[in-house]
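A.B. asks: Line by line, the protein sequences are chains S and A. Number 201 in numbering that gives the first Met the number 0 belongs to position 202 of the first sequence; there are no gaps in the numbering. Number 415 in numbering that gives the first Met the number 0 belongs to position 416 of the second sequence; there are no gaps in the numbering.
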Amino acid sequence: MSGRSGRTRIIRTPEWTRPVPAVRREVLTASPEADEGKPPLLFVPGFGHGAWAFAENWLDHAASRAFPAYAVSLRGHGGSGAAPTATLRAYAHDVVQVAVSLPRQAVLVGHGAGALVVAYALARYPARAGVLVAPVFGGWGTFGAALRRNPAGTVPAVVGGALRLRRRQLFSRELPDAVAQTYTERLGRASTRAQWQLLIHRAPEPPVGKPPILVVGSPDDRVVPASALTRTARRYGVAPLLFPGMGHDLMLDARWREPIDAILDWLDKDLVG
Amino acid sequence: MSTHSEQESLEPAATLWRDGRPVYDRGDTICVIGAGASGLAAIKNLKEYGFGVDCYERETGVGGAWNWRHDRSPVYASTHLVSSRPLTEFPDFPMPDTWPDYPHHSLLLSYLERYADHFDLRPHIWFGTEVVRVEPADGERWDVTTRSTGGYGAERTSRYAAVVVANGHNWAPKMPAYEGLDEFRGQVIHASAYKDATQVRGKRVLVVGAGNSGCDIAVEAGQQAARCWHSIRRGYWYLPKYAFGRPADQVGHAAAALRLPLWLRQWLFHRALKLTVGDLTRFGLPRPDHRVYETHPIVNSQLVHYIGHGAITPVPDVARFTRTGVVLTDGREIEPDLVVLATGYLPRFEFLAPEILGTDAAGRPSLHLNMFPRRHPTLAVAGLLQPDAGLFPLVHWQAVMIARWLRLRELAPERARSFAARIAADTGERWNSAKVKESTRHWFEVGHVEYLRAVQRTLDELEVAA
Ligand SMILES: Cc1cc2nc3c(=O)[nH]c(=O)nc-3n(C[C@H](O)[C@H](O)[C@H](O)COP(=O)(O)OP(=O)(O)OC[C@H]3O[C@@H](n4cnc5c(N)ncnc54)[C@H](O)[C@@H]3O)c2cc1C
Ligand SMILES: NC(=O)c1ccc[n+]([C@@H]2O[C@H](COP(=O)([O-])OP(=O)(O)OC[C@H]3O[C@@H](n4cnc5c(N)ncnc54)[C@H](OP(=O)(O)O)[C@@H]3O)[C@@H](O)[C@H]2O)c1
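Take a look at the structure:
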């Protein structure tokens with residue numbers, strides 16, 4: 000499987016013979032007032048979301064706590080270049096390309112399917128730490144749950160349409176309807192291939208450089224069932240940090256401050272302190 | 000960057016002695032010699048596995064061969080990679096995907112500098128400090144003696160738990176001896192002293208040797224010099240930089256990774272070359288005396304082009320020099336103003352007694368996986384490879400292997416003993432499915448796929464559960 004176990008393969012024929020093509024990548028940034036030497040954070044949004052989802056609250060908050068903060072839009076998302084046939088490998092490539100361009104070794108923070116992308120990126124880049132927020136690691140279980148909870152949004156994805164997430168899957172009732180509405184209107188989509196790969200993919204290789212891993216989620220997430228969250232955390236030999244009452248989009252929901260503070264506390268303790 | 004005096008002031012007085020001289024005990028710290036690509040990869044990966052590292056670099060910057068500011072850098076102004084970007088970059092620090100397939104040497108330097116900064120390696124490096132002796136000490140440790148580059152200043156000896164030798168093998172010119180060379184009134188330089196086309200402009204130039212250096216320089220002389228002869232002592236395969244619309248090494252890798260048998264890959268390659276480049280004997284070039292992959296690949300799309308345009312005249316080996324010219328083995332005499340000896344480089348390990356690396360009379364060390372000497376488990380060489388692809392991926396995994404090996408020795412001595420026994424019993428395997436041509440340069444030629452397969456097995460074997 001993946002996580003801590005599994006093996007790093009060093010002959011990488013697809014990567015060497017069919018390199019991922021370059022694309023324009025949107026990177027949004029928030030810089031701390033003074034450099035305290037803390038590692039840069041690179042936030043990776045999930046399918047449909049762009050860097051904007053982190054620029055809304057988390058980037059500035061991280062910067063206010065002295066972490067240089069960056070968010071990338073995966074190709075085909077947000078302000079990045081179009082990529083209708085992108086694969087998970089291309090998304091992970093985007094993350095690694097941005098990570099190595101940062102001045103120091105970065106912490107990778109992935110949300111939703113972006114957490115799976117981060118898991119792939121962690122197998123290619125020795126991050127200072129990895130944070131998986133409401134991770135969607137895919138597989139048929141997740142698909143079943145999505146079908147039950149949101150048949151209208153999930154069925155079109157099977158035939159190549161966009162996977163649509165509903166407002167009440169993403170946010171708690173504490174977030175005013177109008178705000179939730181503007182967020183869902185901003186959602187785009189991942190490529191059809193990547194959507195399929197969410198179901199069928201080779202498990203990510205173990206992270207290189209043995210970074211500490213944190214898994215964060217909500218027991219009330221209507222996209223990631225609690226059992227899936229626990230399973231992902233167990234792959235990495237950790238227990239998930241839970242924020243009851245929150246929706247899937249922890250970085251946009253009304254109580255967005257709690258999870259990011261917990262993540263930054265953990266980083267301060269593990270890496271800086 | 001740190002300075003030596005800083006280090007001295009921070010350190011306790013020496014408590015160890017060797018031959019009446021003080022030895023500073025560096026505890027569990029590991030010493031890396033050289034801050035080129037190989038040394039940087041060693042520091043980064045040893046650090047990642049939790050080791051303390053001191054690196055000594057005799058130059059004032061990182062990058063080794065790729066730092067054209069260094070006196071001993073072999074790169075010339077027009078050097079571009081011969082291996083394409085994906086097969087050359089470190090596996091965990093890719094080059095920007097906006098860079099060309101074959102980046103310029105100045106990009107390589109900026110890449111290595113960014114690698115050093117990103118992973119915060121510079122605080123570990125003592126610049127301007129040359130290693131002059133590495134001697135075994137008690138308990139499989141090593142006494143490393145350094146001094147300021149250039150020889151002035153006092154020597155200083157520190158004791159390390161292990162040493163990684165990453166001193167590079169492309170800086171000490173291999174100079175052939177020729178009868179009459181002393182009398183020759185023209186100019187003779189080695190390729191390492193060739194920097195840019197101004198040196199050949201308007202002159203009659205003879206380039207000796209058809210490695211990648213010789214071919215690059217002949218192409219430049221073909222465009223800039225009044226006359227260019229290219230002397231080669233055998234026929235070669237000149238591989239183009241692109242084949243089937245892809246960088247040629249990517250095509251070659253795909254064939255090797257498919258596990259096509261070597262003879263089939265050679266046959267396919269010969270066919271492809273025949274159909275694209277054509278028969279080179281019509282230009283007066285000798286027919287290759289070997290199959291493709293049996294000499295270090297020459298990757299140069301322009302050489303044949305300029306030969307075909309009459310700008311480069313291929314000639315046979317040099318027989319001897321006279322006062323005014325050069326006599327070739329076919330009896331012809333030519334009169335160059337400048338002779339560039341692109342005859343390659345020799346690996347050198349002056350700071351180590353030859354028996355430590357098991358070095359034979361011809362100067363070839365005997366090392367398991369081109370890295371581990373038979374009887375010194377805490378010493379390893381990194382980067383002593385001539386691959387048919389980029390070097391950095393191989394060196395990266397060598398560095399990981401060294402880190403895992405040193406950790407395994409601490410955590411699982413039983414398993415470490417069985418690996419040590421295998422190192423000692425190695426019969427000199429060469430990691431190349433092709434029968435490489437016997438020549439002064441080919442004893443450390445490796446097929447990158449064959450080599451990486453062996454490295455993968457070793458990495459898996461050395462892994463200690465977290
Ligand atoms: C013209 C040219 C083009 C090349 N093109 C390619 C290519 O396309 N692709 C590819 O993969 N490779 C290429 N190479 C091979 C190249 O050598 C490697 O890419 C790489 O630079 C090797 O790195 P290294 O660290 O092993 O050695 P080096 O880069 O030589 O670094 C060794 C370092 O050790 C230091 N050092 C040596 N002795 C001592 C000592 N006693 N004390 C302290 N410091 C010491 C040196 O100053 C140097 O900085 C090319 C080589 C040449 C000459
Ligand atoms: N653009 C680039 O990226 C680039 C450029 C230059 C070099 N490089 C790399 O740097 C390394 C060194 O390359 P190099 O070209 O300098 O050296 P090299 O590969 O060792 O080639 C030396 C050449 O000189 C010949 N030679 C050696 N001794 C001779 C003698 N006594 N008389 C006549 N001919 C003699 C050799 O012939 P034999 O065939 O008989 O050995 C060979 O043709 C290689 O790894 C190469 O790939 C890369």
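Built from N, CA and C at the ideal position, the CB exists for glycine as well.
Are the segment 390–400 of chain A and the segment 410–418 of chain A touching by the rule of at least three beta carbon pairs closer than 8 Å?
C.D. replies: Too few Cβ pairs lie closer than 8 Å, so no.
A.B. asks: Taking I10 (chain S) as the query, report the chain A residues whose CB atoms sit under 8 Å from its CB, ordered along the chain.
C.D. replies: As a first step, residue 10 (chain S) must be located in the first sequence, where it is residue number 11. Simply A256, V448, L451, R452 and Q455.
A.B. asks: Kindly indicate if chain S contains any beta-carbon less than 9 Å away from that of F92 (chain A).
C.D. replies: To locate residue 92 (chain A), count along the second sequence from 1; it is residue 93. Judged by the 9 Å Cβ criterion, F92 (chain A) is in contact with chain S.
A.B. asks: Let me make sure I understand the geometry here. Which of A:R452, A:G382, A:R414 and A:A360 has the alpha-carbon closest to that of T439 (chain A)?
C.D. replies: Stepping through the second sequence from its first residue, residue 439 (chain A) is reached at position 440. Of the listed residues, the one whose Cα sits closest to T439 (chain A) is A:A360.
A.B. asks: Taking DSSP as the reference, what is the three-state secondary structure of E354 (chain A)?
C.D. replies: Translated into the one-based positions of the second sequence, residue 354 (chain A) becomes position 355. Three-state DSSP puts E354 (chain A) in a helix.
A.B. asks: Can you tell me whether M0 (chain A) is helix, strand or coil according to DSSP?
C.D. replies: Residue numbering aside, residue 0 (chain A) sits at position 1 when the second sequence is read from its first letter. Annotation note: pLDDT 43 at M0 (chain A) (below 50); position unreliable, coordinate value reported separately. Note: M0 (chain A) maps to coil in three-state DSSP.
A.B. asks: Is there at least one non-hydrogen atom of ligand 2 closer than 8 Å to the beta-carbon of H79 (chain A)?
C.D. replies: Position 80 of the second sequence holds residue 79 (chain A). Answer for H79 (chain A): yes, Cβ within range of ligand 2.
A.B. asks: Tell me the DSSP bridge mates of P172 (chain A)?
C.D. replies: As a first step, residue 172 (chain A) is located in the second sequence; it is residue number 173 there, counting from the start. A:Y344.
A.B. asks: Is the beta carbon of D18 (chain A) closer than 9 Å to that of Q96 (chain S)?
C.D. replies: The residue labelled residue 96 (chain S) in the question sits at position 97 within the first sequence. The residue labelled residue 18 (chain A) in the question sits at position 19 within the second sequence. Taking 9 Å as the Cβ cut-off, Q96 (chain S) and D18 (chain A) do not qualify as a contacting pair.
A.B. asks: Note down, one range per segment and in chain order, each alpha helix (DSSP H) of at least 4 residues found wholly within the segment 206–248 of chain S.
C.D. replies: Counting whole runs of 4 or more residues, the segment 206–248 of chain S contains the alpha helix (DSSP H) stretches 225–234.
A.B. asks: At the level of alpha carbons, what is the spacing between G389 (chain A) and V61 (chain A)?
C.D. replies: Within the second sequence, the letter at position 390 stands for residue 389 (chain A). Within the second sequence, the letter at position 62 stands for residue 61 (chain A). Distance between the alpha carbons of G389 (chain A) and V61 (chain A): 19 Å.
A.B. asks: Going along chain S, which residues have a C-beta under 9 Å from Q186 (chain A)?
C.D. replies: One-based indexing of the second sequence puts residue 186 (chain A) at position 187. Near Q186 (chain A) there are no residues of chain S at all, since even the closest Cβ is about 42 Å away, more than 9 Å.
A.B. asks: Cutting at 7 Å between CB atoms, please list the residues of its own chain near L523 (chain A), excluding the five before and the five after it.
C.D. replies: It is not possible to answer for residue 523 (chain A), since the shown part of chain A is limited to 0 through 465.
A.B. asks: Within 8 Å: the Cβ of S83 (chain A) and any heavy atom of ligand 2?
C.D. replies: One-based indexing of the second sequence puts residue 83 (chain A) at position 84. No, since every heavy atom of ligand 2 falls outside the 8 Å radius drawn around the Cβ of S83 (chain A).
A.B. asks: Among the candidates S:P224, S:A82 and S:L249, whose CA atom is the shortest distance from the CA of R24 (chain S)?
C.D. replies: Against the first sequence, residue 24 (chain S) aligns to sequence position 25. The shortest C-alpha separation from R24 (chain S) is found at S:A82.
A.B. asks: Establish whether the CB of S1 (chain S) and some CB of chain A are separated by less than 9 Å.
C.D. replies: In the first sequence, residue 1 (chain S) corresponds to position 2, counting from 1. Legend: pLDDT at S1 (chain S) = 42, less than 50; position of this residue unreliable, no value from coordinates given.
A.B. asks: Using only CA atoms, which one of S:P203, S:R163, S:M245 and S:P243 lies nearest to R234 (chain S)?
C.D. replies: Taking the first sequence and counting its residues from 1, one reaches residue 234 (chain S) at position 235. Nearest option by C-alpha distance: S:P203.
A.B. asks: Return the Cβ separation of P102 (chain S) and L115 (chain S) in integer angstroms, given the expectation that the two are a contact with Cβ distance under 8 Å.
C.D. replies: Sequence index remark: in the first sequence, residue 102 (chain S) carries index 103 (1-based). Sequence index remark: in the first sequence, residue 115 (chain S) carries index 116 (1-based). The pair is not a contact, with the Cβ atoms about 27 Å apart (cut-off 8 Å).
A.B. asks: Distance check for M245 (chain S) and W15 (chain S), CA to CA, integer angstroms please.
C.D. replies: In the first sequence, residue 15 (chain S) corresponds to position 16, counting from 1. In the first sequence, residue 245 (chain S) corresponds to position 246, counting from 1. So the alpha carbons of these two residues sit roughly 42 Å apart.
A.B. asks: List the residues of chain A whose Cβ lies closer than 9 Å to the Cβ of R103 (chain S), in chain order.
C.D. replies: Residue 103 (chain S) sits at position 104 when you count from the first residue of the first sequence. Within 9 Å Cβ-Cβ: D116, H117, F118 and D119.
A.B. asks: Hey, quick one: how far does the beta strand (DSSP E) through L186 (chain S) stretch, first residue to last?
C.D. replies: Locating residue 186 (chain S) in the first sequence gives position 187, where the first residue counts as 1. That residue, L186 (chain S), is in no beta strand (DSSP E); it is neither H nor E in DSSP.
A.B. asks: Is G5 (chain S) close to chain A, meaning its C-beta is less than 9 Å from at least one C-beta of that chain?
C.D. replies: Here residue 5 (chain S) corresponds to residue number 6 of the first sequence, with the count starting at 1. Chain A contact via Cβ: absent.
A.B. asks: What residues of chain A sit near T16 (chain S), judged by a beta carbon separation below 7 Å?
C.D. replies: For the purposes of this step, residue 16 (chain S) is taken as the residue at position 17 of the first sequence. Those are Q249, H252 and A253, listed as they occur along chain A.
A.B. asks: Taking its Cβ as the centre, do 16 or more other Cβ atoms sit within 10 Å of G201 (chain A), making it buried, or is it exposed?
C.D. replies: On the second sequence, residue 201 (chain A) is found 202 positions in, with the first residue counted as 1. G201 (chain A) should be labelled exposed.
A.B. asks: Answer yes or no: do P90 (chain A) and H395 (chain A) have a C-beta to C-beta separation smaller than 9 Å?
C.D. replies: As a working mapping, residue 90 (chain A) is identified with position 91 in the second sequence. As a working mapping, residue 395 (chain A) is identified with position 396 in the second sequence. Contact: yes.
A.B. asks: On the DSSP bridge list, what partners appear for F89 (chain A)?
C.D. replies: As a first step, residue 89 (chain A) is located in the second sequence; it is residue number 90 there, counting from the start. F89 (chain A) pairs with A:F92.
A.B. asks: Whose Cβ in chain A lies nearer than 9 Å to the Cβ of V99 (chain S)?
C.D. replies: Walking along the first sequence from the start, residue 99 (chain S) turns up at place 100. The answer, in chain order, is D91, F92, P93, M94, P95, R113, Y114 and H117.
A.B. asks: Would the beta-carbon of P386 (chain A) be found less than 8 Å away from any heavy atom of ligand 1?
C.D. replies: For the purposes of this step, residue 386 (chain A) is taken as the residue at position 387 of the second sequence. Yes; taking the cut-off as 8 Å, the Cβ of P386 (chain A) has a heavy atom of ligand 1 nearer than that.
A.B. asks: Let me check one thing: in DSSP terms, what residues is C227 (chain A) bridge-paired to?
C.D. replies: Residue numbering aside, residue 227 (chain A) sits at position 228 when the second sequence is read from its first letter. DSSP output for C227 (chain A) lists A:V204 as bridge partner(s).
A.B. asks: For A242 (chain A), which residues in the same chain have their Cβ closer than 7 Å to its Cβ, ignoring the five residues on either side in sequence?
C.D. replies: Stepping through the second sequence from its first residue, residue 242 (chain A) is reached at position 243. Contacts found: V250 and A271.
A.B. asks: For W51 (chain S), count neighbouring C-beta atoms within 10 Å of its own C-beta (all shown protein chains included) and say buried if the count is 16 or more, exposed if not.
C.D. replies: Locating residue 51 (chain S) in the first sequence gives position 52, counting from the first residue. With 16 or more other Cβ atoms within 10 Å, it is buried.
A.B. asks: Along the beta strand (DSSP E) that carries S157 (chain A), what are the first and last residues, could you check?
C.D. replies: The count along the second sequence starts at 1 and reaches residue 157 (chain A) at position 158. That run of the beta strand (DSSP E) goes R155 to Y159.
A.B. asks: Compare the C-beta of Y119 (chain S) against all C-beta atoms of chain A and say whether one is closer than 9 Å.
C.D. replies: For the purposes of this step, residue 119 (chain S) is taken as residue 120 along the first sequence, with counting starting at 1. No, Y119 (chain S) lies away from the interface with chain A (no Cβ there is under 9 Å from its Cβ).
A.B. asks: Just reading off the beta strand (DSSP E) that S147 (chain A) is part of, what are its end residues?
C.D. replies: For the purposes of this step, residue 147 (chain A) is taken as the residue at position 148 of the second sequence. It spans R140 to S147 - the beta strand (DSSP E) in which S147 (chain A) sits, taken as one unbroken run.
A.B. asks: Please find out if some non-hydrogen atom of ligand 2 comes closer than 8 Å to the beta-carbon of N431 (chain A).
C.D. replies: For the purposes of this step, residue 431 (chain A) is taken as residue 432 along the second sequence, with counting starting at 1. The answer is no for N431 (chain A).
A.B. asks: May I ask you to report which of helix, strand or coil DSSP gives W255 (chain S)?
C.D. replies: For this step, residue 255 (chain S) is matched to residue 256 along the first sequence. Correct three-state label for W255 (chain S): coil.
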